[in-house]
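Residue numbers (the numbering used here): 44 to 143. For glycine and all other residues, C-beta sits at the position ideal for the given N, C-alpha and C. Below you'll find the structure, written out as structure tokens, and then a few comments.
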């Protein structure tokens, strides 16, 4: 489904950007520069991408369950929403800790 693809693309964009930033930070660190403090905002940014991707995945799962209208899919959706919500909650807490 298209919404799934959007979530995956968002996660990939965040991962690629994060890897690029980490590579630059590591090159600077190897040159003897103190750049450890630059890691925190990049982790926060990556967390934002992951949270956005999770939201799209939840929407996609809801669409799938509505389209199939089978009870088993509803149970699976419930489990997925619980897992996605827990991941989002704890990731959000980590991002808040990083921002503080």
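CB contact flag (residue i, residue j, <8 Å)
i	j	result
residue 96	residue 53	yes
residue 78	residue 86	no
residue 50	residue 106	no
residue 127	residue 101	yes
residue 123	residue 104	yes
residue 141	residue 83	yes
Neighbour-count burial assignment, residue i, 16 or more Cβ in a 10 Å radius
i	result
residue 109	exposed
residue 121	exposed
Proximity test, residue i beta-carbon vs the ligand ADP heavy atom, cut-off 7 Å
i	result
residue 114	Ligands displayed in this structure: none; no statement on the ligand ADP is therefore possible.
Proximal residues to residue i (C-beta, below 8 Å), its chain only, five neighbours per side dropped
i	result
residue 89	57, 58, 60 and 61
residue 93	54, 57 and 134
Residues near residue i in its chain [Cβ-Cβ closer than 7 Å; skip 5 each side]
i	result
residue 46	99, 102, 103 and 106
residue 130	97
Cβ shell of residue i (< 6 Å), same chain only, five flanking positions each side left out
i	result
residue 81	68
residue 138	87 and 90
Q.
Quick check on the DSSP output: what are the complete alpha helix (DSSP H) runs of length 4 or more inside the region 77-137, in order along the chain?
A. List check, alpha helix (DSSP H) in window: 82-111.
**Q.** Start-end ranges of the beta strand (DSSP E) lying completely within the region 45-79, minimum 3 residues
**A.** Counting whole runs of 3 or more residues, the region 45-79 contains no beta strand (DSSP E) stretch at all.
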